[in-house]
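S.K.: Take this structure first; my questions come after.
Protein chains: 2
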Amino acid sequence: MRMVTNARTDGMAIGELSKLTGVHVETIRYFERIKMLPKPPRTTGGRRTYGATHVRVLAFIKRSRELGFSPDDVRTLLRLGGPDKARCCDVRDIATDHLNDVRARITDLRKLERLLAKTVARCTGTTAPRCAVLDILDVQRGKSSSTT
Amino acid sequence: MRMVTNARTDGMAIGELSKLTGVHVETIRYFERIKMLPKPPRTTGGRRTYGATHVRVLAFIKRSRELGFSPDDVRTLLRLGGPDKARCCDVRDIATDHLNDVRARITDLRKLERLLAKTVARCTGTTAPRCAVLDILDVQRGKSSSTT
DNA sequence: GATGCATCCTGTAGCAACTACAGAAACAAG
DNA sequence: CTTGTTTCTGTAGTTGCTACAGGATGCATC
Numbered sequence: 003m004r005m006v007t008n009a010r011t012d013g014m015a016i017g018e019l020s021k022l023t024g025v026h027v028e029t030i031r032y033f034e035r036i037k038m039l040p041k042p043p044r045t046t047g048g049r050r051t052y053g054a055t056h057v058r059v060l061a062f063i064k065r066s067r068e069l070g071f072s073p074d075d076v077r078t079l080l081r082l083g084g085p086d087k088a089r090c091c092d093v094r095d096i097a098t099d100h101l102n103d104v105r106a107r108i109t110d111l112r113k114l115e116r117l118l119a120k121t122v123a124r125c126t127g128t129t130a131p132r133c134a135v136l137d138i139l140d141v142q143r144g145k146s147s148s149t150t
Numbered sequence: 003m004r005m006v007t008n009a010r011t012d013g014m015a016i017g018e019l020s021k022l023t024g025v026h027v028e029t030i031r032y033f034e035r036i037k038m039l040p041k042p043p044r045t046t047g048g049r050r051t052y053g054a055t056h057v058r059v060l061a062f063i064k065r066s067r068e069l070g071f072s073p074d075d076v077r078t079l080l081r082l083g084g085p086d087k088a089r090c091c092d093v094r095d096i097a098t099d100h101l102n103d104v105r106a107r108i109t110d111l112r113k114l115e116r117l118l119a120k121t122v123a124r125c126t127g128t129t130a131p132r133c134a135v136l137d138i139l140d141v142q143r144g145k146s147s148s149t150t
C-alpha cells in the first residue's frame, strides 16, 4: 500500500516500466547507462523508481529506434523535444536525413531484389552442371574460362 | 583480362590476397578462424600461402556477403558449390529465401518511407508549438491532451 | 653477416546495441 | 522468520568484423 501522489505511473519499479513499454529491464538500465534515459530517483533501498515522464521518454526511444533512427539521432530528438521544444526545423532536418537514408537503402535493396529474382528465375532447380545463382556469386564461374 | 587465373597466384602472401580481393588481412584470418575460408598451407617460417582457389573462394564470400547472404548461407553455398556441385535446387532454395527476406525488408522500409515523407511534408520548419515529426514519435504528443 | 624495413604471426580487445548471467541485496507475503 | 520474487551491480556474451601489441620472419641492401 503505497502513497500514490499522482497517476498510477508514479513510483513504478523497473519491471513495471518494462512491461508497460515492452522494453527489457536490462535494456532500460542500458539506456540509462548510455545517457539516453534520465537517471530516475531511487528508493531508500536503492531501487529505481520511474514516473510518467520516464514512460513517455522510453516509449519515444523505442518508437524512434523502431523507425530506424540511430541512437545519436534519438538523443538529439530527445534534446530537441526537451526544454526548448520549438526547434522544429532541426527535427525536420534529422527526419529528412533519415528519410534519404531509407530511400537509398530501398534503392539498393530493389537492385538486389531484381538481381536475385532474375537469377532464381533462371535457375532450373535440376541437377545441372551450371548453377545460375552460383554463377553470379562466383566471378570465375560466370566467365566461360576454366581456371587453374 | 586474365591476370588472376594463372599460376602467378600461387604462393601468395596474405597481403597480396588482401589487395587482390579487397578484403582486409585481419578479415581473411577471421574467415579462416570461423571456417569459411579453408586453411592455407604455410611456409617453413609459418606464413600463409594462398593459391588461385583461395582467391576465388574469398571473392565468392565477399560477393555473397555484399548481396546480403548470411555467413551461414555463405558456408552452405560454398559447400554446395564444392565437391558435389550439382545441388542447384538447394542453392536456389537459399537464394529464394533470401529474396523473400529482401522483399520483406523493402516492404517495411517503404512503409517507413511513406510515414517519414508524410510527416516531413507536414512539418513547417518554423518555430511552431507542435512538431509533426515529434508527434509521430511521441504517443502523448500525438494525442491532444497535455500531460505532466 | 649485419642491418633495416615491410610484412607477417598470435592473441586479445574494441565497436554497436543490446542481452544474459552471477551473486548479493531488498522487498512483500505468509 | 522464511520463502520467493524482484532488483541491484558488474561482467561477459552476441555478430561480423577491425585494430592493436609485441614478437617473428623475409628480403633487400651494405
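Line by line, the protein sequences are chains A and B. Sequential numbering from 3 applies to the first sequence in the numbering used here. Sequential numbering from 3 applies to the second sequence in the numbering used here. Each residue gets a CB set at the ideal place from its N, CA and C atoms; glycine is no exception.
1) Going by CA-CA distance only, name the one from B:Asp95, B:Arg58, B:Glu28 and B:His26 that's closest to B:Asp12.
2) Taking three-plus beta-carbon pairs below 8 angstroms as touching, is the segment 103-115 of chain B in contact with the segment 111-126 of chain A?
3) When we look at the beta-carbon of B:Asp140 and count the other beta-carbons within 10 Å, is it buried (16 or more) or exposed?
4) Taking B:Ala97 as the reference, which of A:Leu22, A:Thr29 and A:Arg124 has the closest Cα?
5) What residues from chain B crowd round A:Gly24, counting only those whose CB sits closer than 9 angstroms?
6) By a C-beta neighbour count over all protein chains shown, 10 Å radius and 16 as the cutoff for buried, is B:Leu136 buried or exposed?
7) Looking only at C-alpha atoms, which of A:Ile63, A:Phe62, A:Gly47 and A:Pro42 sits nearest to A:Gly53?
8) Using a Cβ-Cβ cut-off of less than 8 angstroms, list which residues of the segment 29-44 of chain B approach chain A; keep chain order.
9) Can you pull the chain A residues whose beta carbon is under 9 angstroms from the beta carbon of B:Leu111, in chain order?
10) Against chain A, does B:Gly83 count as a neighbour if the rule is that its beta carbon must be under 8 angstroms from one of theirs?
11) Is there a Cβ of chain A sitting closer than 8 angstroms to that of B:Arg65, yes or no?
12) B:His56 CB to nearest chain A CB: under 8 angstroms?
13) Is there a Cβ from chain A that is less than 8 angstroms from the Cβ of B:Val122?
14) Suppose you measure from the CA of A:Arg31 to the CA of A:Cys90; what does that come to, to the nearest Å?
15) Out of curiosity, what's the CA-to-CA distance linking A:Ile63 and A:Gly48?
16) Which word fits B:Arg4, buried or exposed, when buried means at least 16 other C-beta atoms lie within 10 angstroms of its C-beta?
17) Using DSSP's beta-bridge definition, name the partner residues of B:Met14.
18) Give the range of the alpha helix (DSSP H) segment to which B:Leu80 is assigned.
19) What does the alpha-carbon distance come out to for the pair A:Met14 and A:Thr51?
20) Who are B:Arg44's beta bridge partners in DSSP?
21) Are there 16 or more other CB atoms within 10 angstroms of the CB of B:Thr23, so buried, or fewer, so exposed?
22) Using 10 angstroms around the beta-carbon of A:Ile16, count the other beta-carbons present and answer buried if the total reaches 16, otherwise exposed.
23) Nearest by alpha-carbon distance to B:Pro73: which of B:Glu28, B:Glu34 and B:Cys133 is it?
24) Can you list, in chain order, the residues of its chain with a C-beta nearer than 6 angstroms to that of B:Arg75? Leave out the 5 residues immediately preceding and following it.
M.R.: Let me lay it out:
1) B:Arg58
2) yes
3) buried
4) A:Arg124
5) Within 9 angstroms Cβ-Cβ: nothing; A:Gly24 doesn't reach chain B, min ~13 angstroms.
6) buried
7) A:Pro42
8) none
9) Gly70, Val104, Arg105, Arg107, Ile108 and Leu111
10) yes
11) yes
12) no
13) yes
14) 29 angstroms
15) 25 angstroms
16) Annotation note: pLDDT 37 at B:Arg4 (below 50); position unreliable, coordinate value reported separately. Flag for B:Arg4 reads exposed.
17) B:Tyr52
18) Pro73 to Leu82
19) 5 angstroms
20) B:Arg50
21) buried
22) buried
23) B:Glu34
24) The amino acid at residue 75 of chain B is misidentified as Arg; the sequence shows Asp. Cβ neighbours of B:Asp75 beyond the five flanking positions: Ile96.
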